[in-house]
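Residue numbers (the UniProt record's numbering): 1 to 514.
Cβ coordinates follow ideal geometry from the N, Cα and C atoms, glycine included.
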């Protein structure tokens, strides 16, 4: 009996112990499950916070990029107010055509309709404008642009590639929210290009976007890649969508930045000039190629006239061969001679002691032709006289890189005076407008020649001559004005890049990237 009770007691004890053990295990399992649930919840919360932080930071960076992108960066580093000799502009030692800190815009994602290859022709500024046009065309047609090839066969025979003159990486990245730009074609298409098995053509000059949409785009879609072998003035000045015009400006003023080597040397030249006070840039377009091309030979010897004529006939793409120099001069179609330029500067009241930087190549006729100008304005300087030969050793036989240096100095000058309305004169004029309508004297050469002839023939005294010269150019200072439009005569109307009025003071309107 007792044994039974003891046995029962032991069994109850054993049962209770086993139950307690089971309950203890179950509690541990429950606690473990709960801890896993809590850990998962915490992990989800942490992941949510992390993803939210990344998204917010990405949005912030992209907004900053857009803010930097649409603001005219050149205003930050190049002085923006109008320039006069009584208030010279300081040049910061760190100035550049763009700030060093650049936020990258987000990539534009789009289905490309094909590849656009371009071979630019002409000098530096003719090619510069063409590159901007090609960027706008590629964007409008949803194409992939291949880095443009620069002209190596013109009179200058400059072997420079795109990246020798412009900052290629900046060009590609700064426009990536608008158009995809590749250094070269994909291998299969590149082989076709090397074998000259791609479609190549010269687009019609001064065309609007409907031409490219209806004529060029179908060719790209058919052949996958199209090569445009002429690019100068292939896009009209007017009648284009505002987004296209503003993209041309953005490519010109933001994307096309010169290499650091060129910009550093440009800053050095400007600083040397600034250290001695205000300065004027005279774009004296009196080089051999210009005289041969234009047929303007006033003041040249008979041997020089013969040399220029032979050169004109040697270049088949210079179509005008027989030229009446005197008639062309009277119509205002010739570049001013150094002697005429000396009279003009004096008549306009330019200080004879001011520094004058000559932005040009080698003046045809050398010191003989520069004698009158140097006598009237003794402080004439050139990049070759300011810099050491070692500074320019990388620029030898690289006319486009030399022109880029002149371009930078021209932008910084207190006054800019071109003696001929060539491509550099026009593009610099427009860039100076963009920088705050910096003083640019645009000479009316037809009026100038008429007044000079009257003065030389004794029909005008000096005071009358000077007064008429000043009055005739009182409003020719690069100030704000609407571009002149002449329907069906685009060559005679105002050039877009000399007066891109759609882009002046309107950079708060962003380009659409969709």
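- Task: Assign residue 122 to one of two classes, buried (16 or more other C-beta atoms within 10 Å of its C-beta) or exposed (fewer than that).
- Result: Numbered from its first residue, the chain shown carries residue 122 at position 122. So residue 122 counts as buried.
- Query: How big is the Cα-Cα spacing for residue 181 and residue 114?
  - Reply: As a working note, residue 181 is residue 181 in the chain shown. As a working note, residue 114 is residue 114 in the chain shown. Each residue's alpha carbon lies about 12 Å from the other.
- Query: Among residues of its own chain, excluding the 5 on either side of residue 460, which ones have a beta-carbon nearer than 8 Å to its beta-carbon?
  - Reply: To locate residue 460, count along the chain shown from 1; it is residue 460. Hits under 8 Å: 451, 454 and 468.
- List the endpoints of the continuous alpha helix (DSSP H) containing residue 281. By 1-based counting over the chain shown, the position of residue 281 is 281. That residue, residue 281, is in no alpha helix (DSSP H); its beta strand (DSSP E) goes 279 to 283.
- Message: Please list the terminal residues of the continuous alpha helix (DSSP H) segment that includes residue 489.
- Response: Here residue 489 refers to the residue found at position 489 when the chain shown is read from its first residue. Unbroken run through residue 489: none, as it is neither H nor E.
- Touching or not, the segment 418 to 436 and the segment 285 to 303, by the rule of three or more beta carbon pairs under 8 Å? yes
- Task: Spell out the partners DSSP gives residue 149 in its beta bridges.
- Result: The residue labelled residue 149 in the question sits at position 149 within the chain shown. 119.
- Query: For residue 285, which option in 266, 358, 307 and 271 has the closest C-alpha, if you only look at C-alpha atoms?
  - Reply: Start at 1 with the first residue of the chain shown, and residue 285 comes out as number 285. Selected option, being the one with the closest Cα: 358.
- In chain order, what residues of the same chain have a beta carbon less than 7 Å from the beta carbon of residue 205, not counting five sequence neighbours either side? Sequence index remark: in the chain shown, residue 205 carries index 205 (1-based). Taken in chain order, the residues that qualify are 233 and 234.
- Quick one: what does DSSP say residue 227 is sitting in, helix, strand or coil? Numbered from 1 along the chain shown, position 227 holds the residue referred to as residue 227. Note: residue 227 maps to strand in three-state DSSP.
- DSSP three-state assignment for residue 74, whether helix, strand or coil: Within the chain shown, numbered from 1, the residue matching residue 74 stands at position 74. Bear in mind that the predicted position of residue 74 carries a pLDDT of just 29, short of 50, making it too unreliable to give a figure here.
- Task: Count the other CB atoms, across all protein chains shown, that sit within 10 Å of the CB of residue 156; report buried if there are 16 or more and exposed otherwise.
- Result: Counting from 1 along the chain shown, the entry for residue 156 is found at position 156. The residue in question, residue 156, is buried, as its Cβ has 16 or more Cβ neighbours within 10 Å.
- Message: Counting C-beta neighbours from all protein chains within 10 Å, is the total for residue 23 16 or more, i.e. buried, or is it exposed?
- Response: Along the chain shown, read from residue 1 onward, the residue named residue 23 stands at position 23. For residue 23, the predicted structure reports a pLDDT of 38, less than 50, and the residue's modelled location is therefore unreliable. The matter cannot be settled from this model.
- Message: In chain order, what are the residue ranges of uninterrupted alpha helix (DSSP H) at least 4 long that sit wholly in the segment 121 to 187?
- Response: 124 to 140, 162 to 165 and 168 to 174
- What three-state label does DSSP hand residue 212 in the structure shown? One-based indexing of the chain shown puts residue 212 at position 212. Looking at residue 212 - three-state DSSP - the assignment turns out to be helix.
- Task: Could you tell me which of 231, 297 and 193 sits nearest to residue 225, measuring between CA atoms?
- Result: Within the chain shown, residue 225 is the residue found at index 225, counting from 1. For residue 225, the nearest C-alpha among the options comes from 193.
- Message: Just verifying my parser: in three-state terms, what is the DSSP assignment at residue 341?
- Response: Sequence index remark: in the chain shown, residue 341 carries index 341 (1-based). Reduced to three states, the DSSP call for residue 341 is helix.
- Message: So, at 8 Å on beta carbons, what are the nonlocal neighbours of residue 391 in its own chain, with the 5 sequence-adjacent residues on each side left out?
- Response: The residue you call residue 391 lines up with position 391 of the chain shown. Correct list, in chain order: 265 and 268.
- So which of 132, 331 and 166 has the shortest CA-CA distance to residue 446? Position 446 of the chain shown holds residue 446. Ranking the options by Cα distance to residue 446, first place goes to 331.
- Under 8 Å between the Cβ atoms of residue 515 and residue 369? No statement about residue 515 is possible, as the shown extent of the chain runs from 1 to 514 and does not include it.
- Task: Select from 476, 495 and 478 the residue whose C-alpha is nearest the C-alpha of residue 484.
- Result: Against the chain shown, residue 484 aligns to sequence position 484. Residue 484 has its Cα closest to that of 495, out of 476, 495 and 478.
- Note down, in chain order, each residue of its chain lying with its Cβ closer than 8 Å to the Cβ of residue 179, except the 5 sequence neighbours on either side. Along the chain shown, read from residue 1 onward, the residue named residue 179 stands at position 179. Excluding residues within five positions, the ones whose Cβ falls inside 8 Å are 108, 135, 138, 139, 143, 144 and 145.
- Give the DSSP bridge partners of residue 207, in chain order. Taking the first residue of the chain shown as position 1, residue 207 is located at position 207. Paired residue(s): 235.
- Query: For residue 306, which of 323, 317 and 319 has the nearest alpha-carbon?
  - Reply: Position 306 of the chain shown, counting from 1, holds the residue named residue 306. For residue 306, the nearest C-alpha among the options comes from 323.
- Alpha carbon to alpha carbon, how far is residue 425 from residue 356? Give it in angstroms, no decimals. Mapped onto the chain shown, residue 356 falls at position 356. Mapped onto the chain shown, residue 425 falls at position 425. Looking at the two C-alpha atoms, the distance is approximately 16 Å.
- Contact belief for residue 151 with residue 258 at Cβ below 8 Å, rounded distance in angstroms: On the chain shown, position 151 is the one that residue 151 refers to. On the chain shown, position 258 is the one that residue 258 refers to. Not quite, the Cβ-Cβ distance comes to about 17 Å (not below 8 Å), so this is no contact.
- Message: With the cut-off set at 8 Å, would you say residue 431 and residue 162 are in Cβ contact?
- Response: Position 431 of the chain shown holds residue 431. Position 162 of the chain shown holds residue 162. The answer is no: Cβ separation not under 8 Å.
- Message: I'd like the list of long-range same chain contacts for residue 479, defined as Cβ closer than 6 Å, with 5 residues on each side in sequence excluded.
- Response: Indexing the chain shown from 1 puts residue 479 at position 479. So the list reads 437, once near-sequence residues are dropped.
- Query: When DSSP builds the beta bridges, which residues end up paired with residue 381?
  - Reply: Residue numbering aside, residue 381 sits at position 381 when the chain shown is read from its first letter. Beta-bridge pairing links residue 381 to 357.
- Message: According to DSSP, is residue 201 part of a helix, a strand, or is it coil?
- Response: Within the chain shown, the letter at position 201 stands for residue 201. Reduced to three states, the DSSP call for residue 201 is strand.
- Ends of the beta strand (DSSP E) at residue 416? Residue 416 sits at position 416 when you count from the first residue of the chain shown. Segment 415 to 418, the beta strand (DSSP E) holding residue 416.
- Task: With a 10 Å radius around its C-beta and 16 neighbouring C-beta atoms as the bar for buried, classify residue 350 as buried or exposed.
- Result: The count along the chain shown starts at 1 and reaches residue 350 at position 350. The residue in question, residue 350, is buried, as its Cβ has 16 or more Cβ neighbours within 10 Å.
- Query: Which residue's Cα is closest to the Cα of residue 352: 407, 310 and 279?
  - Reply: To locate residue 352, count along the chain shown from 1; it is residue 352. The residue with the shortest Cα to Cα distance from residue 352 is 279.
- Beta-carbon proximity list for residue 83, same chain, < 7 Å, skipping 5 on both sides: Walking along the chain shown from the start, residue 83 turns up at place 83. Annotation note: pLDDT 30 at residue 83 (below 50); position unreliable, no value reported.
- Residues bridged to residue 258 by DSSP? The residue given as residue 258 occupies position 258 in the chain shown. DSSP, once it has assigned bridges, lists 166 as partnering residue 258.
- Query: Can you check whether the CB of residue 402 is closer than 8 Å to the CB of residue 394?
  - Reply: Locating residue 394 in the chain shown gives position 394, counting from the first residue. Locating residue 402 in the chain shown gives position 402, counting from the first residue. In this structure, residue 402 does not lie closer than 8 Å to residue 394 by Cβ.
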